[in-house]
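Quick notes on the structure that follows.
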Amino acid sequence: MSQSAIAAVTHHEVVMEASPYAMDKKKLGMWVFIVSDACSFAAFLFAYGYMRVGAPVWGTPFGFSSILNGVVMTAVLLSSSLTMLAATHASQTGEKASAGKWLGITMLLGTIFAALHLREWFKLIAEGWRLFYNPAGGAAQFGAAFFSVTGLHLTHVVTGVIVLAFIARGYRQGRYDETHVETAGLYWHFVDLVWMFVFPLMYLMNAH
Amino acid sequence: MSSNRELTMSSYVGIGIGLMVIVLIEVILTYQHLPTRTLLFSVLSLACLEAFVAIMYLMHVKYERPLLFWTIFPATLFVFVFLCYIWPDAFRMFSMRLLQ
Amino acid sequence: MAGKIFAVVVALITIVTAYCVIAHVWWMPVDISVHGPKIDHQIEETVLVAGLLFIAGQVVLAAFVFLYGGARNRIKQIPGGAKPLIVFAFLLVGTEIVALSFIGSKAWGAVYFEAPDPASMRVDVQAGQFAYYFRYPGPDGKFGSLHPDLINEGNQNYFGLDTDHDADAKDDIVTAELAIPVNKPILLTLHSKDVGHSFYARELRIQQDFVPGLNIPVHFTATQTGRFEIVCTQLCGLGHYNMKAYLSVLSPSDFDDWLRKQASMQ
Amino acid sequence: MFAATAEKNIFLGVKIMPATAAQAAVHHAPPQGFIRKYIFSVDHKVIGIQYLTMSLVAVFVGMALSWAMRIHLAWPDAHIPLLGWLSPSGAPGGLMTPEYYLSLMTMHGTIMAFFVLTAAPLAGFGNFILPIQVGAADMAFPRLNMSSFWVTLVGFILACATFFIPDGPPLSGWTAYAPLSAVGSVAGPGQGWGQNLWGLSIVCFCIASLLGALNFIVTTLDLRTKGMTLPRLPLSTWGWFIDAWVSLLAFAVLLPTCLLLVLDRLAGTSFFIPSGLVINDQLQPHSGGSPLLFQHLFWFFGHPEVYIIILPAFGIVSHIMPTFIRKPLVGGWKVITFAEVAVGTLSFVVWGHHMFVSGMSPFMAMVFSVPTLFITIPSVIAVLVWVFSLYHANIRFDTPLLFSLGFVSLFISGGIGGFFLAQPSTDSYLHATSFVVGHFHFTMGLSAIFATLAGFYYWFPKMFGRMMNEKLGKVHFWLSFVLVYCVFMTMHLTGFAGAVRRYSALVDDFMVPLIPANKFMTIAALLLGATQFIFLFNAIWSRFKGPKAPNNPWDATTLEWDTTSPPPFDNFGGRQITVYHGPMEYDGEASVMQTSPAESVAGT
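Chains as they are written, first to last, in the numbering used here: chain C, 1 to 208; chain W, 1001 to 1100; chain E, 2001 to 2266; chain L, 3001 to 3604.
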């Protein structure tokens, strides 16, 4: 148990009813957030599906290079999940130093993912793709759907990196304990999980 | 707090590799020139499999109390399932559009 | 005291409301369509079912509040607790619901599931801010195709017809009033020029939105001649309140004269 | 070893939650300084009062808007100087233009639905009361709680700002149907920056509601004090808890919907705008979108929203009634809670009944119609519970109970209208008539307002330590109750004559005969509004001059009445609270506090 928590308990005994989930309330809160965020992503993806079903012609712009790029991005994000797990694991066994190290690596991988993704974006923009324009002919919705869905995911990744930075700093200074790291980890895995749907639906379904 | 002590780091790496393999299968499927619908359903079901593994092991719901699973899954699936009520109109839109 | 007043007030409200409904103080106009009676019947059924629940609910509430004010009553729950209430809700309301949706689905099906009569007269309806325009195919029985880029209020090309190159479009008759022959099946295709609108003809018991980008079919048969209002019920902008057209149901001969007159004015 | 202790304590049935304790420790010392205490406070009580104050402002703004609209409907050439000052273009010389009427209507709907009906019963009372009722020192995430209030306030300010930009407020209704709301200023005045601000305001509100819902859920699940098992939760807490789940899932869908709408407006995407629209003789650049998609996504949120508004009302009324009828509700906590869960669940599968005539697939109309009718069953069960609990009761007619009874009566009347609007065949005649307006003002509007007022009269002593004036309260109730029926029952009835809603003037041949009825409604509405000033005066006067309130003025049994009025910073002054009973321990004059070890009198 972290120092602050021990201090708190001895300082102010509050006997509570058992949490039905037997988990820290930050974790439970993160799970509830994940449920709602999943629904938000679902709404985006359903809108994309609706557009696509309703469209008479739907272009499929992605060449093999883009798909390959996507595969690399997936690999990066997946391994970042693993390093995040390592960080959580280390923090729970009290190895502060290695936990910090793993958090750093996770942030690095997250940044690489974002960079690769932006490269893909700029490639498309250079080819003339816009939110409202489809240079390859076919429905103009492709740009709209692709940029908005992946943009939302990218925002989540960037936010995640920033959050991890704060957590790492606070953890090193002892303001945060292992539950903070674990909670941040949950969020990070969720971002990874969303990508497992975004990649096939946004990239693979649009490969020619 | 039940942590992920139940699994060792190495087994997590194994899971990560497994997930990566599923992604590669999806990519290979993409280039089999399947009809769009078949491709969609196959990659979607594979993605659901991945998601399940990720939730159960990476987010170690498997090692939390079952109640957690029975809270988050019904709630989320509920929304996904009933959002599907929009599909009939998507298909109508295709057939009833004013300017073909 | 307060309880007695409450009971009386609730009772009065119930009586006045019931009276207004039963006496048809404000009520639907006479129906002029073939499918209309089914809808009217459904509305009356619902008035009966819902009305009984309304009166029962308010009266029981009023009665209990009237009876059990003050501190003198011996506290006890209704015999059997909540079970009879739940059973009542499920049985009575449940059966009412099933009955309503069963009959109602027939009325709905009569309007929307029956395919339009192949011999029905086709009229193309376009809604725009803030007017309706109606298009009759003319002698060739074919509608010219639409070109939104050609739409121009100035030269009265409301539909965007290409009369120079499109033979079908040449003889299309565009009017500001919907005239139809009585007792003839009519098939309207509704489409919007700009935003969402709606086609609401109370006497026809028809309300159908225009969905921009889609062709929405509506079919009906009018059984009485006369002149009726068609109004917009889908918020479409500042002129919404004033967006309307007239529906003239004419005898076949009058209709032919009318159509000839319109054609000559094109 | 932390895990170990946790497991051990769960085994004992009691669990020490270090994080919670830490929370309490941190909050043991109240913050110093005015700003930290009353402005940027993390104290759930202050935040609750902030929410309620915002809603109070909002409700009077919304009411003023409805006044202007009603006056314009009854006397189209009436001059309202204030409007002329507010918007020289919208109301030149105080004479309202049709587009300004629609703007006022839009803002009335938006402000009332979001910033009053959603904010006050759930965020307002929920924040103040829920943590106390479960015996917690504060919400689970106090800082998050504070931020959700401030984000809501930003949303409210953005919404109000639309009145003061040259463009004026949007005119596409609170449902903001695309493409009218999506194509931009070409669609009419207010559709430029007015609509943009509207969209951003709703985005803020969504985010705030999501954070708030998250907070309520975790607080209810994890911060219950010793002995406060789920069956012992007060029914108001049940209402807020279920409501939090509904709003968590519903707002999660409105958020992306609004984002897509904003994208369509600002970034040129075409999610909701089809090809070839010609507006004001200008061919729009968009192509391939679908207005129906917007309606589906909006109503997927929009219908649960109705229940997000009414579920806290269910909870508050079920909580207040036993106190004043001096007996538990029929069926105890189980039946009413089952009804609330059923209503909340079904509310997600019925949204299509808003779209019967919208061009949706007629087969889907049937699919949506059946659950819509079936949702009446749990609603009827709830009503039966409230009504039949009065059997052999000892009713005390204090103002909170009067408003609760008014709620029940209004909810019955409103629910009846549901039968007509749930069936596509009858709805196709009544859709978009004033019948609908009357219906939703009864069910979600006035019912929720009555429950909120009941809660306000009930909890005011706890919030401010002073009693409200009973006489004024009763006058307020009787006038409101009668006038509400005069306004909205008349709307139901004129609906049968096909009176179309959202018309800024009654010019159609069949609308003209309805003008007298509209004059009657207008007068009643003006009086109804005037009545609310009695309430406002009562609240403000009692806040400062009212008699001091005892800890438990209503001999109620739940935790909020077991502490001082107003409660100390950590709610119980560091006492260990232990709960022994359910919330409805009433038997005539006798009652047992949840915290008292004495034996049960009601056998709950």
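Positions of the beta carbon are idealized from the N, C-alpha and C atoms, including for glycine. From a predicted model like this one, the values you see are computed outputs, not experimental measurements.
Query                                                                                                                                   : Result
Beta-carbon gap between Thr-3237 of chain L and Val-3330 of chain L smaller than 8 Å                                                    : no
Neighbour flag for Ala-3182 of chain L against chain C, beta carbons, 8 Å                                                               : no
Coarse secondary structure for Gln-3023 of chain L, derived from DSSP in three states                                                   : Because the pLDDT at Gln-3023 of chain L is just 43, under 50, the model does not fix this residue reliably, and the value given afterwards should be weighed accordingly. Helix.
Cβ neighbour criterion (16 or more within 10 Å) applied to Gln-173 of chain C                                                           : exposed
Cβ separation of Gly-2057 of chain E and Val-3383 of chain L, assumed to be a contact under 8 Å, to the nearest whole Å                 : 6 Å
CB contact below 8 Å: Val-3303 of chain L versus chain W                                                                                : It should be noted that the sequence gives His, not Val, for residue 3303 of chain L. False, the Cβ-Cβ gap to chain W never drops below 8 Å.
Per DSSP, cross-strand counterpart(s) of Thr-2221 of chain E                                                                            : E:Pro-2185
Contact between the stretch 3114-3131 of chain L and the stretch 3180-3195 of chain L (3+ Cβ pairs under 8 Å)                           : no
Nearest residue (CA-CA) to Thr-3097 of chain L, options E:Gly-2036, E:His-2240, E:Gln-2156                                              : E:His-2240
Residue span of the alpha helix (DSSP H) that contains Gly-3331 of chain L, given as start and end                                      : Here Gly-3331 of chain L belongs to no alpha helix (DSSP H), and DSSP marks it neither H nor E.
Cβ distance (whole Å) where Ser-3335 of chain L is taken to contact Ala-2082 of chain E below 8 Å                                       : Looking at the sequence itself, residue 3335 of chain L is Val, so the reference to Ser does not match. The pair is a contact, with the Cβ atoms about 5 Å apart (cut-off 8 Å).
Rounded straight-line distance, which links the Cα of Ala-2011 of chain E to that of Glu-17 of chain C                                  : 48 Å
Residue from L:Pro-3513, L:Phe-3537, L:Trp-3561, L:Tyr-3485 whose Cα sits closest to the Cα of Met-3605 of chain L                      : Missing from the structure shown is residue 3605 of chain L; chain L here goes from 3001 to 3604 and no further.
Residue-level contact to chain L via CB, Ile-1017 of chain W, 8 Å cutoff                                                                : no
Limits of the beta strand (DSSP E) - the one that Ala-3120 of chain L falls within                                                      : Here Ala-3120 of chain L belongs to no beta strand (DSSP E), and DSSP marks it neither H nor E.
DSSP beta-bridge partners of Tyr-2132 of chain E                                                                                        : E:Ala-2127
Sequence-distant residues of its chain with Cβ nearer than 6 Å to Ala-3078 of chain L (five each side left out)                         : Ile-3071
Under 7 Å from the C-beta of His-189 of chain C: neighbouring residues of chain W                                                       : Ala-1054, Leu-1058, Met-1059
Beta bridge counterpart(s) of Asn-2157 of chain E as assigned by DSSP                                                                   : E:Asn-2152
Residues of the stretch 3316-3334 of chain L whose Cβ lies closer than 9 Å to any Cβ of chain E, in chain order                         : Ile-3325, Arg-3326, Lys-3327, Pro-3328, Leu-3329, Val-3330, Gly-3331, Gly-3332, Lys-3334
Length of the line joining the Cα atoms of Arg-119 of chain C and Ser-65 of chain C                                                     : 12 Å
Boundaries (first-last residue) of the alpha helix (DSSP H) holding Phe-3669 of chain L                                                 : As shown, chain L starts at 3001 and ends at 3604. That puts residue 3669 of chain L outside it, with no answer to give.
Option in E:Tyr-2136, E:Glu-2114, E:Phe-2130, E:Pro-2252 with minimal Cα separation from Thr-2225 of chain E                            : E:Pro-2252
Endpoints, alpha helix (DSSP H) assigned at Phe-3420 of chain L                                                                         : 3399-3421
Partners in chain W for Ser-79 of chain C, counting only beta-carbon separations shorter than 8 Å                                       : Gly-1016
Under 9 Å (Cβ pairs) to chain W, residues found in the stretch 3410-3426 of chain L                                                     : none
Cut-off 7 Å between Cβ atoms - residues of its own chain near Pro-3547 of chain L, not counting five sequence neighbours on either side : Arg-3466, Met-3467
C-alpha distance - Leu-3083 of chain L paired with Leu-3102 of chain L, whole-angstrom precision                                        : 14 Å
Neighbour flag for His-2191 of chain E against chain W, beta carbons, 8 Å                                                               : yes
Bridge partner(s) assigned by DSSP for Val-2174 of chain E                                                                              : E:Arg-2135
Distance cut-off 7 Å: Asp-2254 of chain E Cβ against heavy atoms of the ligand SAH                                                      : No copy of the ligand SAH occurs in the structure displayed, which carries no ligand at all.
Arg-1037 of chain W at chain E interface by Cβ criterion, 8 Å                                                                           : no
Under 7 Å by beta carbon: chain C residues contacting Met-3228 of chain L                                                               : Glu-17
Helix, strand or coil at Gly-3227 of chain L [DSSP, three-state]                                                                        : coil
Own chain, CB closer than 7 Å to Ile-1022 of chain W, minus 5 neighbours either side, in chain order                                    : Leu-1046, Leu-1049, Glu-1050
Bridge partner(s) assigned by DSSP for Glu-2229 of chain E                                                                              : E:Tyr-2246
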